[in-house]
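Heads up: the structure comes next, in structure tokens.
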Amino acid sequence: RHTAGFYNDGEFIELNHTATSRNTFSKGAIKAAVWLVNQKPDLYSINDCLGL
71 RHTAGFYNDG
81 EFIELNHTAT
91 SRNTFSKGAI
101 KAAVWLVNQK
111 PDLYSINDCL
121 GL
């Protein structure tokens with residue numbers, strides 16, 4: 071679970087993220103692995119994999 075909070079004068083906004091299944095993570099890992107095997111040897115970040 072991830073939580074992000076934003077404070078302001080007299081108020082607080084909180085956003086929560088909860089994964090209900092590990093399938094989401096496994097799909098992302100498979101996509102990253104497929105992308106990686108098609109790259110030449112180099113140093114990459116997740117931003118490269120996501121095209122950011």
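In this text, residue positions in the sequence shown follow my numbering: the first is 71, and each later residue adds one. From the three backbone atoms N, C-alpha and C, an ideal C-beta is built for every residue, glycine too.
request  = Whole angstroms is fine: what's the gap from residue 102's alpha carbon to residue 119's?
outcome  = 6 Å
request  = Quick one: grab the DSSP three-state call for residue 99.
outcome  = helix
key: Alpha-carbon to alpha-carbon, residue 74 and residue 81   = 14 Å
request  = Would you kindly work out how many angstroms separate the C-alpha atoms of residue 115 and residue 109, rounded to a whole number?
outcome  = 12 Å
task = Output yes or no for whether 8 Å exceeds the beta carbon distance between residue 88 and residue 71.
result = yes
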